[in-house]
Amino acid sequence: MECANRRQCRPAMELKDTLNLPDTDFPMRGNLVKREPSRLEHWRNMGLYEKIQAKNANGPAFILHDGPPFTNGDVHIGTALNKILKDSILRYKSMQGFRAPYVPGWDCHGLPIEFKVTKDLREKGKDLPPHQLREACADFSASYIETQRSQFQRLGVLADWAEEYKTMKPEYEATILRTFASFVEQGLVYRSKKPVYWSIPCETALAEAEVEYQDHVSPSIWVRFEISGHQFLHIEDPLYIVIWTTTPWTLPANLAVAVHPDLEYVEVQHNGATYLVVQQLAESFIQSCSLEGATLGKTHAGRELESLQANHPFIDRKSSVVLADYVTTESGTGCVHIAPGHGLDDYHTGLKYNLDIYCPLDDQGCYVDDGQVPAELIGVSVLETKGKCPANSAVLSILKEKGALLAVKKYEHSYPHCWRSKTPVVFRAMDQWFVSLDAHHMREKVLKQIDQVKWTPDAGIKRIRSAVETRPDWCISRQRSWGVPIPVFYDEDKNPLLDADVIRSLADKVAQSGTNIWFEQSAKDLLQDVNLPAEFDGKKLTKGGDTLDVWIDSGCSHRAVLQQNEKLSWPADLYLEGSDQHRGWFQSSIWTAVIADGSAPYKNVVTHGFIVDEKGEKISKSKGAMSSDGWVKKYGADIMRLWVASQDYRGDIRLSENHFKLISNVYRGVRNTLMYQLGNLAGFDPEKNAVNPADLTPIDQWALMQTAAFAGRVTTAMEAYEFHRAYQEIDRFVGVTLSRIYHAILKDRLYTYAPSWKERTSSQTAIYTIFRALVRIIAPVLTFTADEAWSFHTGGGELADDSIHLQPWPKTSDFTYDPQIAADIDALINFREERVNLPLEKLREEKIIGANLEAKVLIMAKEEEPLFKLLKKYANDLPELFIVSQVTVDAKAEGEVEVSAAHADGERCPRSWRWVPKLVSAGDFGEVSPRDHDALKALNLI
RNA sequence: GGGCGAUUAGCUCAGUUGGUUAGAGCAUCGUGUUGAUAACGCGAGGGUCACUGGUUCGAGUCCAGUAUCGCCCA
Numbered sequence: 032m033e034c035a036n037r038r039q040c041r042p043a044m045e046l047k048d049t050l051n052l053p054d055t056d057f058p059m060r061g062n063l064v065k066r067e068p069s070r071l072e073h074w075r076n077m078g079l080y081e082k083i084q085a086k087n088a089n090g091p092a093f094i095l096h097d098g099p100p101f102t103n104g105d106v107h108i109g110t111a112l113n114k115i116l117k118d119s120i121l122r123y124k125s126m127q128g129f130r131a132p133y134v135p136g137w138d139c140h141g142l143p144i145e146f147k148v149t150k151d152l153r154e155k156g157k158d159l160p161p162h163q164l165r166e167a168c169a170d171f172s173a174s175y176i177e178t179q180r181s182q183f184q185r186l187g188v189l190a191d192w193a194e195e196y197k198t199m200k201p202e203y204e205a206t207i208l209r210t211f212a213s214f215v216e217q218g219l220v221y222r223s224k225k226p227v228y229w230s231i232p233c234e235t236a237l238a239e240a241e242v243e244y245q246d247h248v249s250p251s252i253w254v255r256f257e258i259s260g261h262q263f264l265h266i267e268d269p270l271y272i273v274i275w276t277t278t279p280w281t282l283p284a285n286l287a288v289a290v291h292p293d294l295e296y297v298e299v300q301h302n303g304a305t306y307l308v309v310q311q312l313a314e315s316f317i318q319s320c321s322l323e324g325a326t327l328g329k330t331h332a333g334r335e336l337e338s339l340q341a342n343h344p345f346i347d348r349k350s351s352v353v354l355a356d357y358v359t360t361e362s363g364t365g366c367v368h369i370a371p372g373h374g375l376d377d378y379h380t381g382l383k384y385n386l387d388i389y390c391p392l393d394d395q396g397c398y399v400d401d402g403q404v405p406a407e408l409i410g411v412s413v414l415e416t417k418g419k420c421p422a423n424s425a426v427l428s429i430l431k432e433k434g435a436l437l438a439v440k441k442y443e444h445s446y447p448h449c450w451r452s453k454t455p456v457v458f459r460a461m462d463q464w465f466v467s468l469d470a471h472h473m474r475e476k477v478l479k480q481i482d483q484v485k486w487t488p489d490a491g492i493k494r495i496r497s498a499v500e501t502r503p504d505w506c507i508s509r510q511r512s513w514g515v516p517i518p519v520f521y522d523e524d525k526n527p528l529l530d531a532d533v534i535r536s537l538a539d540k541v542a543q544s545g546t547n548i549w550f551e552q553s554a555k556d557l558l559q560d561v562n563l564p565a566e567f568d569g570k571k572l573t574k575g576g577d578t579l580d581v582w583i584d585s586g587c588s589h590r591a592v593l594q595q596n597e598k599l600s601w602p603a604d605l606y607l608e609g610s611d612q613h614r615g616w617f618q619s620s621i622w623t624a625v626i627a628d629g630s631a632p633y634k635n636v637v638t639h640g641f642i643v644d645e646k647g648e649k650i651s652k653s654k655g656a657m658s659s660d661g662w663v664k665k666y667g668a669d670i671m672r673l674w675v676a677s678q679d680y681r682g683d684i685r686l687s688e689n690h691f692k693l694i695s696n697v698y699r700g701v702r703n704t705l706m707y708q709l710g711n712l713a714g715f716d717p718e719k720n721a722v723n724p725a726d727l728t729p730i731d732q733w734a735l736m737q738t739a740a741f742a743g744r745v746t747t748a749m750e751a752y753e754f755h756r757a758y759q760e761i762d763r764f765v766g767v768t769l770s771r772i773y774h775a776i777l778k779d780r781l782y783t784y785a786p787s788w789k790e791r792t793s794s795q796t797a798i799y800t801i802f803r804a805l806v807r808i809i810a811p812v813l814t815f816t817a818d819e820a821w822s823f824h825t826g827g828g829e830l831a832d833d834s835i836h837l838q839p840w841p842k843t844s845d846f847t848y849d850p851q852i853a854a855d856i857d858a859l860i861n862f863r864e865e866r867v868n869l870p871l872e873k874l875r876e877e878k879i880i881g882a883n884l885e886a887k888v889l890i891m892a893k894e895e896e897p898l899f900k901l902l903k904k905y906a907n908d909l910p911e912l913f914i915v916s917q918v919t920v921d922a923k924a925e926g927e928v929e930v931s932a933a934h935a936d937g938e939r940c941p942r943s944w945r946w947v948p949k950l951v952s953a954g955d956f957g958e959v960s961p962r963d964h965d966a967l968k969a970l971n972l973i
């Protein structure tokens, strides 16, 4: 049955169906956690990294050298940040046409791994010999390389994974040895003593990480050292300086007494003797030593005491008074017993005053007979078992006998213990290998090279300079197994054989078989076919047991990687790491480079800060917050990448759930904008439909001008690696320029105009250009989303063969517009923001209008007003620009520009919702505005 | 304890050689729209520019000190 009134039978919806509403399959919601992995697989399948390299094969090179993370755990959030920054930079550079290969690396050797592996093995009751322990360490490291690699990949990090470098690879280890040979050849390597933690039951050196602090009760003693030759102090009585120590057994190695230069030392007189102690602790000293009736005399600044000579209490030896800044007034006497062979502070003071690094202990912790140690101490052990320490008791009784002991008191403090044997550790000076940093003016050369490098932020140069200036000679030996062995041999008289040619021969063998051969083969086998220097030829040799400091390992990466991989080159254009590396990798790298190659291994160094929590404090150690993977699994890589870009990484970087939510919001804005553009490009074929730049409508010209300026600002920011500026620009461009202004204005014409109409295709032409620029601009940061949008744009659906990452970065010249027209529109839009919105809002408050299209805007201005002319010039565009139905511009004789608003006149068009003076019939659709009538006609619908 | 750095709205950032009433975006609140709809528009509130002192006609901006935080070192 036919309806009498067809209009009623046609639901209002059908008029809506005549509109050109956005149409795209690009999903509104990112669903990144689920969607990103398939894009990663797609990239892998299409060989995206290789394609990018091939595209730029003939471009200028940009070499970023990767600092290798430690392979001892999941990817830390800070490492994720670092890798994301690198990836974003490289993607940007690649889009700029640079050949920017990325060879990532891994730092495999070192104590944290050896420690963890040893601990795990011990829990299983295993204690392996070095070569087997090393295999376990290698397995451990390899397994975390797998883990970390996949976690890096999940972040969207694009790299030449097939060429990744590992410090435990034989080739790499050989480079370390060859670099070391160059050190040796230049005569920079020498042997000297330095105190290290020593576990007596284990007969091994310990690293910081193997030491556990436990509460411990030690005998604390006050000991007087008589001072001779002190006339200048004008004191007649016997004069003593009083030290306080909790390790009596170190007294036989005492070589000095340290005072603080700026503290005041007071004369304490008692029973005809004078004692020097720091003023602040004089009372406690008198009490502790029960010096009843003691009186205080003059005071002397610590620095005045320097070079006084004290007598060792029980050995015929001078102990000079020296100055040290670390002396405190917290406990003791302010006069510190210095045994350079038994403490790190003592050691440094010893070096400063040219004292012997003296340590008369053997591996079992017993005093040796060196002609100085008193006979009754020889062979006595310093090891404390069950609260008893033979050496302490012996020293105490000697002190008593000599009358040097003023008091003994139990003292409870936290003291380092061996994690394996649970016994207190001792500090013991041992032979170590050092690299001299001042020979051949090496330090000056390094400082000179530092000045050739550009440091960002520029404060970085101060940090590295001070690190280089103040660092003592490089102690490169470690008493560990998991590392590259120090290639030294000893003859039966313990003379070391350290020879550059021998090391190079060994390096050749290591290049084949890895450093395990050092641990598996005898010295004789190792040296087979190796030419020895004449003085060692034919002698019975044993190999050394130490390994190299792992900072040598990673410090050689520029030689092992940049100099050896044909795709790379030396020096690097950029190193990018956390600011802690000024003292670490940046420094170790420049030392090895200057020593072995003569100049710095990098041209630019950029540093980022550390991740802190919401309050700006160090992030809690709870595992979830530290692991990059937790965040990826919750928010997706693009949100993480946007988070990284959002902050000025040169300072601290804040991380919080709250922050991620904000970032997610910004992301939604960007995504939605892309969706709007894609939706409105539906059916647009640039080949057929594109409008000539000169014919674009004014608002479109304006949009292109905005885009050009935006692209320019982002480019400036990216060139300086200032992602946070790029982020702000993107946020503003998407949120304000496009969403709030341009896209809002365009809705009427995009939705209601016939597809063939010039105004509509003009806007589509502009959107097409803008979209293609925007999606490129966000690509280095929002890698997944940009590629996804690009894929839908190029008609490839979800996963296209093409990729945004193969596209060039936009140039300002990509955008053609008439600057005058664009500037005019800009003025009109500013006018809208400043003058038009207000009266409209008032109308809305008064409930006269709801939507803006229900309103008309009335403007009155003097004819000679430039604005008046501008408004008149664009009179036809004004309703669209102001998103209202009508705009009148009238001349007035006097006064300022007036803007008012009122309800629009006439009738509401049910199709475009605009108010027009008179609707016209549109057949079955009923009445619509004349323009909509024409649109329906153009669509052949009426 | 020392060196270096940071500190502008609840959050992330701007703020040119010192110059009117310190700006954005997000968030919040109010509101409109319901043809970008788990989307979009409009409006409002919100800052002693960490603090104290100094230089200057004038300081977020220059100087000194203090505090808090971070990195490195001891």
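Going from the first sequence to this note's numbering is simple: count from 1 and add 31.
Cβ atoms here follow ideal geometry from the backbone N, Cα and C, with glycine treated the same way.
Span separating the alpha-carbon of GLU829 from that of MET77: Translated into positions along the first sequence, residue 829 becomes position 798. Translated into positions along the first sequence, residue 77 becomes position 46. Distance between the alpha carbons of GLU829 and MET77 is about 14 Å.
Inside the region 546-583 only - alpha helix (DSSP H) runs reaching at least 4 residues: DSSP assignment within the region 546-583 yields the following whole alpha helix (DSSP H) runs of 4 residues or more, N-terminal first: 547-551, 554-557.
DSSP bridge partner residues for GLU608 (one or two, in chain order): The residue labelled residue 608 in the question sits at position 577 within the first sequence. Its beta-bridge partners are THR638.
Within 8 Å, strictly: CB atoms of VAL288 and PHE256: Here residue 288 is taken as the residue at index 257 of the first sequence, counted from 1. Here residue 256 is taken as the residue at index 225 of the first sequence, counted from 1. Yes. Within cutoff.
Neighbourhood of ILE517 by C-beta distance below 7 Å, restricted to the same chain and skipping five residues each side: Taking the first residue of the first sequence as position 1, residue 517 is located at position 486. Excluding residues within five positions, the ones whose Cβ falls inside 7 Å are TRP464, SER508, GLY575, ASP577, THR578, LEU579.
Buried or exposed (CB count within 10 angstroms, at least 16 for buried), SER119: Position 88 of the first sequence, counted from the first residue, corresponds to residue 119. Answer is buried; the Cβ neighbour count reaches 16.
Whole-number beta carbon distance between HIS613 and ASP495, since they are thought to touch under 8 Å: Working through the first sequence from its first residue, we reach residue 495 at position 464. Working through the first sequence from its first residue, we reach residue 613 at position 582. According to the sequence displayed, residue 495 carries Ile and not Asp. Going by Cβ atoms, the distance from ILE495 to HIS613 rounds to 5 Å, so yes, they are a contact pair.
Segment limits, alpha helix (DSSP H) that includes VAL352: For the purposes of this step, residue 352 is taken as the residue at position 321 of the first sequence. VAL352 -> not in any alpha helix (DSSP H); beta strand (DSSP E) instead, spanning 349-354.
N- and C-terminal bounds of the alpha helix (DSSP H) containing LYS900: Walking along the first sequence from the start, residue 900 turns up at place 869. 897-904 is the extent of the alpha helix (DSSP H) around LYS900.
Straight-line gap, ASP170 to ILE176 (C-alpha atoms, nearest Å): Taking the first residue of the first sequence as position 1, residue 170 is located at position 139. Taking the first residue of the first sequence as position 1, residue 176 is located at position 145. Each residue's Cα considered, the two are about 10 Å apart.
The region 300-318 contacting the region 359-371, beta-carbon criterion three pairs below 8 Å: yes
C-alpha gap between THR49 and LEU967, whole angstroms: Residue 49 sits at position 18 when you count from the first residue of the first sequence. Residue 967 sits at position 936 when you count from the first residue of the first sequence. If you take the alpha carbons of THR49 and LEU967, they lie about 7 Å apart.
Buried versus exposed call for ASN907 [16 or more other C-beta atoms within 10 Å across all chains shown]: Taking the first sequence and counting its residues from 1, one reaches residue 907 at position 876. Looking at its Cβ environment, which holds fewer than 16 other Cβ atoms inside 10 Å, ASN907 is exposed.
Environment of LEU52 [buried if 16+ CB atoms lie within 10 Å]: The residue given as residue 52 occupies position 21 in the first sequence. An exposed status is given to LEU52, since fewer than 16 other beta-carbon atoms sit within 10 Å of its beta-carbon.
Continuous beta strand (DSSP E) stretch holding HIS301: start and end: Numbered from 1 along the first sequence, position 270 holds the residue referred to as residue 301. Its beta strand (DSSP E) spans residues 295-301.
MET773 versus THR738, GLN594, PHE823, PRO503, residue with shortest Cα-Cα distance: Position 742 of the first sequence, counted from the start, is the residue given in the question as residue 773. The identity of residue 773 in the sequence shown is Tyr, whereas the question assumes Met. If you compare the alpha carbons of THR738, GLN594, PHE823, PRO503 with that of TYR773, the shortest gap goes to THR738.
Which of helix, strand or coil DSSP assigns to HIS448: In the first sequence, counting from the first residue as 1, residue 448 sits at position 417. Secondary structure of HIS448 (DSSP, three-state): strand.
Three-state secondary structure (DSSP) of TYR378: On the first sequence, position 347 is the one that residue 378 refers to. TYR378 falls in the helix class under three-state DSSP.
DSSP bridge partner residues for GLY136 (one or two, in chain order): Within the first sequence, the letter at position 105 stands for residue 136. Beta-bridge pairing links GLY136 to TYR196.
Range covered by the beta strand (DSSP E) that runs through ARG272: As a working note, residue 272 is residue 241 in the first sequence. This sequence places Ile at residue 272; Arg is not what is there. Membership of ILE272 in the beta strand (DSSP E) is indicated by the continuous run 270-276.
Cβ neighbour criterion (16 or more within 10 Å) applied to ALA757: One-based indexing of the first sequence puts residue 757 at position 726. By the neighbour-count rule (16 or more Cβ atoms within 10 Å), ALA757 is buried.
Proximity below 8 Å, CB of ARG702 to CB of THR816: Start at 1 with the first residue of the first sequence, and residue 702 comes out as number 671. Start at 1 with the first residue of the first sequence, and residue 816 comes out as number 785. Contact: yes.
Presumed contact (8 Å Cβ cut-off) between GLU195 and THR546, rounded CB distance: Translated into the one-based positions of the first sequence, residue 195 becomes position 164. Translated into the one-based positions of the first sequence, residue 546 becomes position 515. With 8 Å as the limit, GLU195 and THR546 do not qualify as a contact, their Cβ atoms being about 19 Å apart.
Anticipated Cβ contact below 8 Å, LEU208 with VAL697, distance rounded: Translated into the one-based positions of the first sequence, residue 208 becomes position 177. Translated into the one-based positions of the first sequence, residue 697 becomes position 666. Not confirmed; about 51 Å, so no contact.
Expected contact under 8 Å - CB spacing of THR198 and ASP611 to nearest Å: Residue 198 sits at position 167 when you count from the first residue of the first sequence. Residue 611 sits at position 580 when you count from the first residue of the first sequence. So it is not a contact: roughly 19 Å between Cβ atoms.
Residue from TYR782, ILE856, THR746, PRO786 with nearest C-alpha to TRP840: The sequence position of residue 840 within the first sequence is 809, counting from 1. That would be THR746, whose Cα lies nearest to the Cα of TRP840.
Residue burial classification, GLU443 (beta-carbon count within 10 angstroms, cutoff 16): Indexing the first sequence from 1 puts residue 443 at position 412. That one is exposed.
Alpha carbon of VAL533 to alpha carbon of VAL541, nearest angstrom: As a first step, residue 533 must be located in the first sequence, where it is residue number 502. As a first step, residue 541 must be located in the first sequence, where it is residue number 510. Cα to Cα, VAL533 sits roughly 12 Å from VAL541.
Span separating the alpha-carbon of ARG962 from that of LYS117: Here residue 962 refers to the residue found at position 931 when the first sequence is read from its first residue. Here residue 117 refers to the residue found at position 86 when the first sequence is read from its first residue. Spanning the two alpha carbons is a distance of roughly 53 Å.
Outcome for ASN62 when other beta-carbon atoms lying within 10 angstroms are tallied against a minimum of 16: Residue 62 sits at position 31 when you count from the first residue of the first sequence. Under this definition ASN62 is an exposed residue.
CB contact flag (LYS785, LEU970, <8 Å): For this step, residue 785 is matched to residue 754 along the first sequence. For this step, residue 970 is matched to residue 939 along the first sequence. Just to set this straight, residue 785 is Ala in the shown sequence, not Lys. Cβ atoms of ALA785 and LEU970: closer than 8 Å.
Where the alpha helix (DSSP H) containing ALA740 begins and where it ends: Mapped onto the first sequence, residue 740 falls at position 709. Per DSSP, ALA740 belongs to the alpha helix (DSSP H) from 729-750.
Cβ-Cβ distance between VAL358 and GLU337 below 8 Å: Within the first sequence, residue 358 is the residue found at index 327, counting from 1. Within the first sequence, residue 337 is the residue found at index 306, counting from 1. Against a cut-off of 8 Å, the Cβ pair of GLU337 and VAL358 comes out as no contact.
CB of VAL806 within 8 Å of CB of LEU902, strictly: Within the first sequence, the letter at position 775 stands for residue 806. Within the first sequence, the letter at position 871 stands for residue 902. Cβ distance not < 8 Å, so VAL806 and LEU902 don't count as in contact.
Span of the beta strand (DSSP E), counted from its first residue to its last, around PRO477: Taking the first residue of the first sequence as position 1, residue 477 is located at position 446. It is Val, not Pro, that sits at residue 477 in the sequence shown. Careful: VAL477 lies outside any beta strand (DSSP E), inside the alpha helix (DSSP H) at 473-483.
Beta-carbon gap between THR783 and VAL722 smaller than 8 Å: On the first sequence, position 752 is the one that residue 783 refers to. On the first sequence, position 691 is the one that residue 722 refers to. No; because the gap between Cβ atoms is not below 8 Å, this pair is not in contact.
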